[in-house]
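Heads up: the sequence shown begins at 0 in numbering that gives the first Met the number 0, then just goes up one per residue.
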Amino acid sequence: MEDYVEYLDFSSVHLGAIAEEMGDYNSAYRFYSKALGRLMHYQGDSMTAIMYAQELRGKLSRTSGSGFNMPLLNFEKWLLTKSSYVKGNQCIKYLYLDQYNKKDRTPPNEARKALFNLGHDFEDRFRAEKFPGGINVKEKVRSFNYFNSYTKYLLKRSGPALLYEATILEEDVLIMVDVLVKNDNDTFDFYEVKANTNLNVAIKNDVALQYYICKKRFGEKIKSFNIVLRGNSDSGNYKIMDVTSEMESKINEVRQKILSFKNVLRSTMPTLSIGEHCNSPYDCDFKEFCSRQKDYS
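Okay, structure coming up:
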């Protein structure tokens, strides 16, 4: 390995390029400066490192005279995610442990990994066949804390847009939409893709949170909110269901659950007995941890 590699801050350079694309030149300058500052600690004589430093100076020069602008690429944090909300629906102790005791989680077995990969493959196939050519926010930005900012930027641009992993952050809750379509008339269609063949309560709870957060952001501009399931045959067909009306009826329920789950995360570890909820609707990652605890009731 070249002796200068450890001094290359690829993440800052990439975020600088994202900020520059957005017109956030102050943030771009800050990221490029950070990358150059790290590289300046290199004391070797590699021509590649020297040329890379010169390239960074060019980026700094390009972004330094662009005047003041409000930051657009913002580092943001959250308290709840779709995943943690689903865990909270199953068990509030599961929610708490997943937030604060990740080291005690039992790693997924091969069967669970295979199921996870099946879901991703199905999602990718649906995008490729039904909504090709979208911008994948996750792949484009790479750093989670900036996904929401970049999604906002893409959706504020004039004209239609097609996004994968569009990230919405409202009320300290972060969700990622499998497929988001911005139409010519500034309305929006959402698609949550599941490799299941049947619609169950767990999926509905998952999508209810997404709808609630998207309603906070987009309001009456939501044209449709859809769940995509596998068809019952092997032909690769899809079942697409518009569940907008049903999700609208769950808004108050979701609001109360969000408040409840936030209180759980701001408190001490809940005390719950091991029971059927440890395996339904999903196997809990902390069953072994809880079974080792001496004091649970």
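A virtual CB, placed ideally from N, CA and C, is assigned to each residue, including glycine.
All values derive from a computational prediction rather than experimental measurement.
| said: In the DSSP output, what is T267 paired with across the bridge? | reply: In DSSP, T267 forms no bridge with anything.
| query | Is the stretch 147 to 163 close to the stretch 67 to 79, with three or more CB pairs under 8 Å? | reply | With three or more CB-CB distances shorter than 8 Å, the stretch 147 to 163 counts as touching the stretch 67 to 79.
| field | Rounded straight-line distance, which links the Cα of N100 to that of Y163 | value | Pairing Y163 with N100, the inter-Cα distance amounts to about 30 Å.
| said: Am I right that Y6 and T47 are in contact with their C-beta atoms under 8 Å? What's the rounded C-beta distance? | reply: Wrong, their Cβ atoms sit about 11 Å apart, outside the cutoff.
| message | At the level of alpha carbons, what is the spacing between L228 and V85? | response | Take the alpha-carbon of L228 and the one of V85: they are about 18 Å apart.
| field | Presumed contact (8 Å Cβ cut-off) between V136 and T166, rounded CB distance | value | Between V136 and T166 a beta carbon distance of about 6 Å is seen, short of the 8 Å cut, so the two are scored as contacting.
| request: Leaving aside the five residues before and after Q55 along the sequence, list all residues of the same chain whose C-beta is less than 8 Å from its C-beta, in chain order. | output: Sequence check: residue 55 is Leu here, not Gln. Closer than 8 Å at the Cβ level, and outside the excluded window around L55, lie V12, Y31, A34, L35, L38.
| query | What does K300 pair with, by DSSP beta-bridge criteria? | reply | The chain is shown from 0 up to 296; residue 300 falls before or after that span and cannot be answered.
| field | Cutoff 6 Å; reference S26; Cβ partners in own chain excluding five residues on either side | value | Once the five neighbours on either side are set aside, the close Cβ partners of S26 are A18, P70, L72.
| said: Beta-carbon within less than 6 Å of G87's beta-carbon, same chain only, minus the 5 sequence neighbours each way: which residues are those? | reply: Within the same chain, G87 has close Cβ partners L94, F260.
| query | In the structure shown, what three-state DSSP assignment does E191 receive? | reply | Under the three-state reduction of DSSP output, E191 falls in the strand class.
| Quick one: complete alpha helix (DSSP H) runs, 4+ long, within the stretch 59 to 130? | Here the runs fully enclosed are 81 to 89, 91 to 99, 109 to 129.
| query | CA-CA distance, E247 and G158? | reply | If you draw a straight line from the Cα of E247 to the Cα of G158, it comes to about 27 Å.
| query | Can you tell me where the beta strand (DSSP E) with M175 in it begins and where it stops? | reply | Per DSSP, the unbroken beta strand (DSSP E) holding M175 starts and ends at 172 to 181.
| Secondary structure of S11, DSSP reduced to three states | Three-state result, S11: helix.
| request: State the beta-bridge partners of S223 as determined by DSSP. | output: Looking at the DSSP assignment, S223 forms a beta bridge with D188.
| request: Compare the beta carbon distance of K222 and F187 with 9 Å and say whether it is the shorter of the two. | output: Taking 9 Å as the Cβ cut-off, K222 and F187 qualify as a contacting pair.
| request: Pull up the distance between the alpha-carbon of N144 and that of G230, whole angstroms please. | output: If you take the alpha carbons of N144 and G230, they lie about 35 Å apart.
| task | Identify the continuous beta strand (DSSP E) that holds T166 and give its terminal residues. | result | For T166, the enclosing beta strand (DSSP E) stretches over residues 160 to 169.
| task | Please name the residue or residues paired with N135 in a DSSP beta bridge. | result | DSSP lists Y163 as the beta-bridge partner residues of N135.
| Coarse secondary structure for T47, derived from DSSP in three states | Looking at T47 - three-state DSSP - the assignment turns out to be helix.
| Thinking C-alpha only, which one of C90, G22, I49 is nearest T62? | Considering only alpha carbons, the answer is G22.
| message | Which same chain residues end up closer than 6 Å to G15 when comparing Cβ atoms and leaving out the 5 residues on each side of it in sequence? | response | Residues of the same chain with a CB within less than 6 Å of the CB of G15, apart from the 5 flanking positions on each side, are A27, F30, Y31 in chain order.
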